[in-house]
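Take a look at the structure set out below.
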Amino acid sequence: MKQPLSIMIIDADRYFTYGLGLGLQAYFQARQQDIRLLEETQVGSDIDIIFLGDLVTSYPWHYRLHQRKNHPMVFFITEQGRNKNQLKPRVHCEQCHTRALYRHQPLSSLYERLDSVLFSPFASLIASSHDCTCMSPLTSREEEVLRCIHMGMNGQDTGNYLQISNKTANAHKQNAMRKLNFRCNQELYQWLLQGEETI
3 MKQPLSIMII DADRYFTYGL GLGLQAYFQA RQQDIRLLEE TQVGSDIDII
53 FLGDLVTSYP WHYRLHQRKN HPMVFFITEQ GRNKNQLKPR VHCEQCHTRA
103 LYRHQPLSSL YERLDSVLFS PFASLIASSH DCTCMSPLTS REEEVLRCIH
153 MGMNGQDTGN YLQISNKTAN AHKQNAMRKL NFRCNQELYQ WLLQGEETI
């Protein structure tokens, strides 16, 4: 018997989430593959596939999964052409198979994509390539900058404390935010205030 796949769907649209869950169950049942649909609260589990909506705040636990050497395949759920000001998914990496799933697309499009990634002759090669540079770990300097921010230092204080320029300190902060998948300073500060220190 095949090992069950763990799948997490995180999206603000509960109807879409429910429908996608039913579609995935039908897809994998037809291929005689057991799956477990996980809730957000079960993020401590190993996860094989994540469907992450663009209507929710980016989650730094995705980065923590990679720190634990758990490298899920990620599909970003997004709109196409509806709002030009909307941020597009940051990562479309061919190596780790991060993809965009558009809300208006039929399930058959998703099924074709899953077939090519999970059930192609190259599936074992794909499974072994998940340690990807697009989710590279924080550097020691980036960790130091985040620690300074967590202690309440501004950019100038951080630069002085670490004996680097304010501009360099800000560049390290921006790199860390990109790796943690934060879209704005407010998300980073909120995360640090919650004590979410994996640094």
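My numbering numbers the first residue of the sequence shown as 3 and each following residue consecutively.
Glycine is no exception: its CB is placed at the ideal position from the N, C-alpha and C atoms.
As the structure is a computational prediction, the values presented were derived from the model and not from experiment.
- The distance from the Cβ of residue 8 to that of residue 49 is about 5 angstroms, consistent with a contact at the 8 angstroms cut-off.
- Residue 14 counts as exposed, since fewer than 16 other beta carbons sit within 10 angstroms of its beta carbon.
- Cβ-Cβ distances below 8 angstroms link residue 4 to 34, 35 and 36 in the same chain, with the five nearest sequence neighbours on each side left out; the list follows chain order.
- Residue 41 and residue 22 have their C-alpha atoms spaced approximately 14 angstroms apart.
- Just measuring C-alpha positions, the residue of 151, 17 and 75 sitting nearest residue 119 is 75.
- Of the residues 143, 106, 151 and 11, the one whose Cα lies closest to the Cα of residue 188 is 151.
- Non-local C-beta neighbours of residue 39 in its own chain, meaning closer than 8 angstroms and more than five positions away in sequence, comprise 9, 10, 11, 23, 26 and 27, ordered along the chain.
- Counting the other Cβ atoms within 10 Å of the Cβ of residue 175 gives 16 or more, which makes it buried.
- Per DSSP, the continuous alpha helix (DSSP H) segment holding residue 110 begins and ends at 109 to 120.
- For residue 195, the number of other beta carbons within 10 angstroms of its own is below 16, and it is reported as exposed.
- In the structure shown, the three-state DSSP call for residue 167 is coil.
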